[in-house]
Amino acid sequence: MLRLFLCRPTTWRTGFRVARPQPLHTTAIRYNSIAVTETPRGAEQETREIIALDRLLRIVRARSNPDVRTIMPIRTPGLYAEHLSHVIDGAGVSHSQSQVSQASADTAPPSARAMHDSYSEVMLPLRSNAILFEQFINANGGIRTGKLMEQLDALAGSIAYKHILGSDVHSLGSIEDRGLYVVTAAVDRIDMLKPVSTSQSVADLRLSGNVIYTGRSSMEIAVKMEALYSDDSEPLTLMIGRFSMVCRDAATHSSRAVGALELSTDDERQLFAYGEGHQKRKKAQSLTSLDRVPPSSEEASVLHSFFLANGKAVRKLEPTDATERVTMKSTRLQNCFMMFPQERNVHGKVFGGHLMRLAYELGFTNSSLFARGPVRFLSLDEISFKRPVNIGSIVRPPWTDWDAMFGRCFDVC
Numbered sequence: 000m001l002r003l004f005l006c007r008p009t010t011w012r013t014g015f016r017v018a019r020p021q022p023l024h025t026t027a028i029r030y031n032s033i034a035v036t037e038t039p040r041g042a043e044q045e046t047r048e049i050i051a052l053d054r055l056l057r058i059v060r061a062r063s064n065p066d067v068r069t070i071m072p073i074r075t076p077g078l079y080a081e082h083l084s085h086v087i088d089g090a091g092v093s094h095s096q097s098q099v100s101q102a103s104a105d106t107a108p109p110s111a112r113a114m115h116d117s118y119s120e121v122m123l124p125l126r127s128n129a130i131l132f133e134q135f136i137n138a139n140g141g142i143r144t145g146k147l148m149e150q151l152d153a154l155a156g157s158i159a160y161k162h163i164l165g166s167d168v169h170s171l172g173s174i175e176d177r178g179l180y181v182v183t184a185a186v187d188r189i190d191m192l193k194p195v196s197t198s199q200s201v202a203d204l205r206l207s208g209n210v211i212y213t214g215r216s217s218m219e220i221a222v223k224m225e226a227l228y229s230d231d232s233e234p235l236t237l238m239i240g241r242f243s244m245v246c247r248d249a250a251t252h253s254s255r256a257v258g259a260l261e262l263s264t265d266d267e268r269q270l271f272a273y274g275e276g277h278q279k280r281k282k283a284q285s286l287t288s289l290d291r292v293p294p295s296s297e298e299a300s301v302l303h304s305f306f307l308a309n310g311k312a313v314r315k316l317e318p319t320d321a322t323e324r325v326t327m328k329s330t331r332l333q334n335c336f337m338m339f340p341q342e343r344n345v346h347g348k349v350f351g352g353h354l355m356r357l358a359y360e361l362g363f364t365n366s367s368l369f370a371r372g373p374v375r376f377l378s379l380d381e382i383s384f385k386r387p388v389n390i391g392s393i394v395r396p397p398w399t400d401w402d403a404m405f406g407r408c409f410d411v412c
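Taking the working numbering as reference, the numbering of the sequence shown is continuous, increasing by one, and the terminal residue is 412.
Below you can see the structure in the form of structure tokens.
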């Protein structure tokens with residue numbers, strides 16, 4: 000779910016005040032499962048966690064080795080034309096499978112790593128490199144947030160490989176050689192703490208992160224984006240996010256064990272506890288999903304009360320307090336995208352960061368049309384990657400937005 004902020008009307012953009020549509024819903028939280036034993040976290044608690052996470056990530060960076068911070072394990076995909084020729088004539092299939100099986104069988108147990116071993120950072124010198132800035136600039140002279148999401152997803156993948164293979168590995172090699180690969184399972188949360196830039200002020204950006212929690216085959220990676228307005232200025236944290244990555248076996252495509260985290264300080268144990276708590280909440284929420292559990296009597300009562308209070312107005316779309324009512328279905332917007340080889344990842348599938356950018360930009364477009372004024376991205380609750388997307392696929396993501404309980408914020412799903 001994408002959360003955006005309706006900015007104050009500006010004369011240069013609209014020339015008149017935008018009337019905000021009247022909300023047509025209320026908010027209900029599910030409590031119909033015994034698995035949910037925690038009370039919902041409030042905004043204040045989430046804010047405290049973000050501030051603490053930012054502080055702890057700074058400590059991890061200070062403990063990391065400066066010589067390996069910018070090492071990013073990468074694998075250059077082969078030519079797509081060669082890939083097609085192998086698919087068509089079946090050449091090299093048996094040889095490739097035997098290589099993968101042998102690599103999987105010969106792999107030693109995963110090694111435990113320190114939390115700072117996976118720390119990685121990449122600089123985007125937007126302030127000092129006009130050519131690079133041209134690749135990220137938006138229509139208003141700022142930065143395209145969707146392009147930054149692509150960079151964060153690529154960074155999270157490199158961090159995951161760094162944890163598995165070691166901090167000084169420059170090249171991933173082939174899947175056949177390694178016998179494993181890493182995929183993005185979900186983007187659990189992204190919070191935009193401050194605007195990335197304005198047309199008058201553009202900063203160099205530092206993207207960084209490290210593994211903060213490991214399960215058997217999963218890794219939670221915390222990433223953040225900082226602004227550097229001058230060479231001697233203190234970095235200003237703009238964005239903090241969490242990615243869930245999963246390691247898979249190259250032969251069987253089933254989950255594959257990753258090394259545990261060696262926790263040597265109280266700060267690292269606190270970071271690990273954050274990640275562990277996030278995973279527990281995700282499991283509890285999945286148990287109470289509507290895909291598994293029918294609506295509770297409390298939820299049915301909320302829906303019925305809403306219908307009695309608003310049903311007549313919704314059916315007639317009666318204006319209230321000089322504002323208009325907008326049905327949820329009327330805000331539906333969708334687009335079709337063809338997936339081309341240029342957007343493939345090292346596994347020959349569509350790059351997850353590219354899909355995330357398309358989803359974000361479609362949601363932002365929807366929000367702008369709905370608000371009829373400038374909007375600003377605040378947070379993203381979750382993007383889940385259910386299955387890989389093949390090259391040549393046609394993706395059609397629908398989006399519907401509705402007002403949230405906050406004054407000038409609304410969510411897009």
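Ideal Cβ positions, reconstructed from N, Cα and C, are used throughout, including at glycine.
As the structure is a computational prediction, the values presented were derived from the model and not from experiment.
In this structure, the alpha-carbon of P65 lies about 37 Å from that of F363.
Excluding the 5 residues flanking it on each side, R343 has same chain C-beta neighbours closer than 8 Å at P76, Y79, V349, F350, I390, in chain order.
By the C-beta density criterion, F306 is exposed, having fewer than 16 other C-beta atoms within 10 angstroms.
The DSSP-derived three-state label of K385 is coil. For G208, the beta-bridge partners assigned by DSSP are S119, V222. Approximately 4 Å separates the beta-carbon atoms of F242 and A155; this is inside 8 Å, confirming the contact. DSSP, read as helix, strand or coil, puts T364 in helix. Here DSSP, grouped into helix, strand and coil, assigns K348 to strand. The Cβ atoms of P109 and V257 lie closer than 7 Å to each other.
In the DSSP assignment, L147 falls within the unbroken alpha helix (DSSP H) covering 144-164.
Distance from A259 to A111 at the Cβ level is roughly 5 Å; contact confirmed, criterion being Cβ atoms closer than 8 Å.
The alpha-carbon of A370 is positioned some 24 Å away from that of L147. For the options A202, L204, S285, R247, the alpha carbon positioned closest to that of A159 is the one of R247. Inclusion of M244 and V168 in the CB contact set at 7 Å is not warranted, their separation being larger than that value.
Shown here for M122: same chain residues with a beta carbon closer than 7 Å to its own, the five before and five after excluded, namely D203, R205 in chain order.
In the DSSP assignment, D248 falls within the unbroken beta strand (DSSP E) covering 235-248.
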